[in-house]
Each structure stands twice: as structure tokens, then as C-alpha cells.
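A.B. asks: Here the sequence shown stands for residues 1 to 179, where the numbers follow full-length UniProt numbering.
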Amino acid sequence: MHAKKAVQTRLFRQMKSDLPDMQDKARRLAHWLSSDGKQGFKRERDKSDILMTRAARRIEKLQAIDDRIAAKIQLKQVKAENSRDQFEDGGAAARRQLERLRSKADVEGKILDMKKEERDEFLLKRLMAEEAIRAYEMGNLLAAATRQNPKHPVNLDELELLDVQNMGLTKLGVTSLCV
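Written out as C-alpha cells, the structure is:
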């Protein structure tokens, strides 16, 4: 047991003599750890600041891109609405123009119908006048043919085959009909 106590005493003395060295080492280690920790913290803080700055720039760029895209979309929507309004206005104008043209065509159609009726009436009157003149001339020719040859009366069918030549009436021959 004595040896045991001697070993313990020696270890205790050695520990007392090593204690300042150990405390110095512990202090230096703590100082190194604290200074290294501070430097590490500063490095990490600087890295995080740099990353945050980069992230902020990137976010600003993306936000600017988003804003430009939103502005383009808004502009396209405005253009689309304007185009739609212009198309609707154009459609309304086209409908009004179409109505005007239809009414004008109706009026012109009525005028044309009236002119056709007037022309038809004029042609009918002219035909009636020509028919009256023809009937009068046929009557005169019939009377002249009857006076020329009282023994052989001429009817209207034969009268159409007669030709007036040199103030006299002669019957058309079959050869002249074929020519």
C-alpha cells in the first residue's frame, strides 16, 4: 500500500508540475479555438454576406425580368383589347356600311324596276304604234291589190308575199322566197 501511496504522491506532484503547462496549453488551445472560431465565424459571415449579395442581385435580376414579362403581357393584353375593340368597331362599321349599301341597292333596284317598267311601257307603245302603222299599210296594200286585180281578191296571207315595186304591186315568186 505504501508503494501505492508513493505512486499516487508522485503522480500528484507530477500533475501539479504539469498543471501550469496543461493550463497554458488549454489557454492557448482555447485562445486558438476562440481566435480560429472568430476567424471562422468571420469567414462564414463574409461568405454568407457574399452569397446573400449574390442572391439579392439574382433576385433583383429575376424580379426585373418578371416585371418586363408582366409589362409585355400587360401591353399584349392592352393591344388585344384595342384590337378587339377595333374589330368590334370595324364590324359595327361594316354592318352599318352593309346596311347603307343594301338600302342603296334596294333604292337602285326600285329605280331600275321603275326604268324597266317605263322602258316596257315605251316599247309596248312603240310596238302598238308600229303594229297600227303596219295594219294601216296592210290595209292600204290590200285595197291597192284589190283595185289592181278585182277578179282575184287577195287575202292578208298572200299580201305578205307581195312586194311593192315601182308604185305597182307584183306577186313574189317562189324563187325570190328561196333566196
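For each residue, glycine too, the CB sits at the ideal point set by N, CA and C.
On the three-state DSSP scale, how would you describe Pro150?
C.D. replies: Coil, per DSSP.
A.B. asks: Just to confirm my understanding: we take Met15, look at its own chain, exclude 5 residues before and 5 after, and list those with CB closer than 6 Å. What are they?
C.D. replies: Correct list: empty, nothing qualifies.
A.B. asks: For Asp89, which residues in the same chain have their Cβ closer than 7 Å to its Cβ, ignoring the five residues on either side in sequence?
C.D. replies: Here the set comprises nothing.
A.B. asks: Output the residue ranges of the alpha helix (DSSP H) runs that lie fully inside the stretch 63-126 and measure 4 residues or longer, sorted by chain position.
C.D. replies: Qualifying alpha helix (DSSP H) stretches: none in this window.
A.B. asks: Just the Cα atoms here: how many angstroms apart are Leu62 and Leu75?
C.D. replies: Cα-Cα distance, rounded: 19 Å.
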